[in-house]
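If you read the sequence shown in the numbering used here, its first letter stands for residue 40, the second for the next number, and so on. Ideal Cβ placement from N, Cα and C applies to all residues, glycine included.
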Amino acid sequence: MAATISRQLDACNLSDMPDKPATEASADSHGTMPFSTAQSSAVQYIPSLLDSEDIAAVFALGAEMSDELQWVNFDHSSAVTYLHRGDMFGQRCPVVKEKLRLAAVAAERALYGNGKRRKLTFRCVELHRSTRNGGLPEKEHYDRGSVVTVDVRLSPEGAFSGGEFRTVEADGSVKGHGASFAQPGNAMAFASHKRHHVAPVETGERFVLVAEFWTGEARVCGHRCTQRRGLCDAMLVRADEAQAVATDCFFALLDADALEAVHSLDDDSSGCE
């Protein structure tokens with residue numbers, strides 16, 4: 040499968056890149072591109088990265104996880120489902136995951152030069168849904184801490200109007216990328232520290248798959264994690280909450296005699312050291 044995907048990526052248009060790509064020396068200790076350098080970097084276009092079966096698999100997983108905790112904006116015009124939670128994305132969409140990984144590796148090489156390669160891992164995989172007025176309005180937004188971000192259009196052609204993906208260039212101008220993102224399965228890969236935003240959706244529904252790659256450990260917590268190593272603090276908090284609920288349920292099932300016996304174990308006079 041990897042060989043097939045590699046041939047597909049080789050055939051993609053990755054020519055829209057700087058004449059002098061950023062070098063390894065310009066990266067910070069986490070392998071990310073300095074903010075100022077990132078603004079001069081070019082977005083990499085990858086036509087038809089995903090096919091119809093891939094897109095159907097992503098939508099199926101999104102439906103399966105629709106009851107999961109999501110990020111939703113104030114008027115519910117934009118929502119994010121974290122498909123990587125519990126490695127659900129890897130289990131349900133392994134082919135899509137590999138295509139995204141290979142696209143990120145190719146983009147990292149194009150954007151960062153030919154120095155030492157980074158070991159990229161999945162920081163998060165998000166299903167974005169936007170309806171009328173939804174989008175990402177913050178023009179100064181960038182994916183801090185990540186190396187490469189890959190966006191894939193999932194919506195059919197004509198499914199929405201507005202909602203153009205745009206980047207802020209080094210000179211402060213805004214560049215739209217709608218023409219290269221017009222077909223389902225089309226992808227864009229870019230340096231995560233490049234400023235980007237999404238114009239408000241005017242009509243219809245806009246679905247996009249977003250994957251961020253970094254040099255920290257692969258994350259499986261249900262949010263965009265900022266902890267690069269070890270167990271996620273949010274997961275530990277949820278584990279403590281789950282343990283508390285389980286403990287309450289356990290004691291709720293005990294009768295009075297059993298409860299008295301349990302409490303006696305904590306009594307200083309019980310003879311226990």
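**Three or more C-beta pairs below 8 Å linking the segment 171-182 and the segment 121-137** = These segments do not touch.
**Exposed unless 16 or more other CB atoms sit within 10 angstroms - verdict on Val247** = Around the C-beta of Val247, 16 or more other C-beta atoms lie within 10 Å, and the residue is accordingly described as buried.
**Prompt:** Any idea what DSSP makes of Met127, helix, strand or coil?
**Reply:** In the structure shown, Met127 adopts helical secondary structure according to DSSP, grouped into three states.
**Message:** Distance check for Ala143 and Thr254, CA to CA, integer angstroms please.
**Reply:** Each residue's alpha carbon lies about 12 Å from the other.
**Message:** Looking at the secondary structure, which residues open and close the beta strand (DSSP E) in which Val191 lies?
**Reply:** Where Val191 is concerned, the enclosing beta strand (DSSP E) stretches over Val187 to Arg192.
**Request:** Quick one: grab the DSSP three-state call for Tyr181.
**Result:** Per DSSP, reduced to three states, the secondary structure at Tyr181 is coil, with no helix or strand assignment.
**Element boundaries [beta strand (DSSP E), containing Val97]** = Note, Val97: premise wrong, no beta strand (DSSP E); alpha helix (DSSP H) at Ser91 to Glu103.
**Prompt:** With 16 other CB atoms within 10 Å as the buried threshold, where does Val111 fall?
**Reply:** The residue is exposed, with fewer than 16 neighbouring Cβ atoms inside 10 Å.
**Message:** Less than 8 Å between the beta carbons of Phe204 and Val237, yes or no?
**Reply:** In this structure, the beta-carbon distance from Phe204 to Val237 falls below 8 Å.
**Request:** Would you list the residues sitting across from Leu248 in a DSSP beta bridge?
**Result:** In DSSP, Leu248 forms a bridge with Leu166 and Val191.
**Asked** To the nearest angstrom, how far is it from the Cα of Leu150 to the Cα of Ser185?
**Response** Note on geometry: alpha-carbon atoms of Leu150 and Ser185 lie some 13 Å from one another.
**Prompt:** Is the beta carbon of Ser231 sitting closer than 8 Å to the one on Thr265?
**Reply:** Judged by their CB atoms, Ser231 and Thr265 are not nearer to each other than the 8 Å cut-off.
**Glu196 - containing alpha helix (DSSP H), residue span** = Unbroken run through Glu196: none, as it is neither H nor E.
**Prompt:** So, using beta-carbon positions, are His83 and Phe229 closer together than 8 Å?
**Reply:** One detail in the question is off: residue 83 reads as Gln in this sequence, not His. Result yes, Cβ atoms of Gln83 and Phe229 sit closer than 8 Å.
**Request:** Could you pull out every residue in the same chain whose Cβ sits closer than 7 Å to the Cβ of Arg234, ignoring the five residues on either side in sequence?
**Result:** Gln78, Lys178, Glu179, His180, Tyr181, Thr206 and Val207.
**Prompt:** Closest to Val259 by CA distance: which of Gly101, Ala102 and Gly125 is it?
**Reply:** Among Gly101, Ala102 and Gly125, the Cα nearest to that of Val259 is on Gly125.
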